[in-house]
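*Asks:*
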Amino acid sequence: MKKFLLFAVASILFSTATIAQKTYTQDKNHSRVSFSATHFGISHVEGIFKNFDVTLEAKKPDITDAVITLTIDVSSINTEVAYRDNDLKSANYFDTSKYQAITFKSTSFKNISGKNYKLAGNITIHGVSKPIVFDVVYNGTAVTAMKKPTAGFTITGKLNRLDFGVGGSALTSGISNEIELRSNVEFTIN
1 MKKFLLFAVA SILFSTATIA QKTYTQDKNH SRVSFSATHF GISHVEGIFK NFDVTLEAKK
61 PDITDAVITL TIDVSSINTE VAYRDNDLKS ANYFDTSKYQ AITFKSTSFK NISGKNYKLA
121 GNITIHGVSK PIVFDVVYNG TAVTAMKKPT AGFTITGKLN RLDFGVGGSA LTSGISNEIE
181 LRSNVEFTIN
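Sequential numbering of the sequence shown, starting at 1, is according to my numbering.
1. Would Ile123 and Phe104 qualify as a contact pair, given that the criterion is a beta-carbon distance under 8 Å?
2. What is the DSSP secondary structure of His30, reduced to helix, strand or coil?
3. In chain order, what residues of the same chain lie with their CB nearer than 7 Å to the CB of Ser173, ignoring the 5 residues before and after it?
4. Can you give me the Cβ contacts of His30 inside the same chain, cut-off strictly under 6 Å, excluding the 5 residues immediately before and after it?
5. Are the beta-carbon atoms belonging to Arg32 and Asn184 less than 8 Å from one another?
6. Looking at the secondary structure, which residues open and close the beta strand (DSSP E) in which Asn184 lies?
7. By a C-beta neighbour count over all protein chains shown, 10 Å radius and 16 as the cutoff for buried, is Thr141 buried or exposed?
8. In chain order, which beta strand (DSSP E) runs of at least 3 residues are fully inside the stretch 59-111?
Here it is, written out as structure tokens:
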């Protein structure tokens, strides 16, 4: 009975917070931006960006009016191989001395069915902006150990790195042109 009451109180708190909600704050300890590329078509090389900021602002309780922005510090790239990371930061790929950030700003956030959404927006990489669409799964909400309502999302998509002028041909580099993107983000509801 005690657990049921705690759950009921948490549900009421979350519902109240959601109705008045306008800004969701990224929980950096439970968020990750990662990518994967194939290496000579035989394996996947994965990496993350350690430093990034993402915001979500919405007025509607169902968040279908959400505006999502993301800024990634490209020099925080980490594939767990220092030589590769330095090469990716160099003029051969991201050229972080000129292009320090990857940015994204949404143009729409549409519910497709149940907890599945499509997130459309513009992404800028290496100084080139292109439209992109991500698949989003709303994983639900919970009152975390910090005693705050928190919402979780998994975001996936793909892009062609050559569309942004990142790196050379897959024939010479061994790195696939198609890059798979995956993010898991938790937002604390203020």
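By construction, the Cβ of each residue, glycine as well, lies at the ideal position given by its N, Cα and C atoms.
*Replies:* The structure says:
1. Position 123 of the sequence shown, counting from 1, holds the residue named residue 123. Position 104 of the sequence shown, counting from 1, holds the residue named residue 104. Result yes, Cβ atoms of Ile123 and Phe104 sit closer than 8 Å.
2. In the sequence shown, counting from the first residue as 1, residue 30 sits at position 30. If DSSP states are grouped into helix, strand and coil, His30 belongs with the helices.
3. Position 173 of the sequence shown, counting from 1, holds the residue named residue 173. Contacts found: Gly167.
4. Here residue 30 corresponds to residue number 30 of the sequence shown, with the count starting at 1. Here the set comprises Glu186.
5. Numbered from 1 along the sequence shown, position 32 holds the residue referred to as residue 32. Numbered from 1 along the sequence shown, position 184 holds the residue referred to as residue 184. Taking 8 Å as the Cβ cut-off, Arg32 and Asn184 qualify as a contacting pair.
6. Residue mapping note: residue 184 aligns to position 184 of the sequence shown, counting from 1. Its beta strand (DSSP E) spans residues Glu178 to Ile189.
7. Taking the first residue of the sequence shown as 1, we reach residue 141 at position 141. Thr141 is buried by the Cβ-count criterion.
8. 67-73
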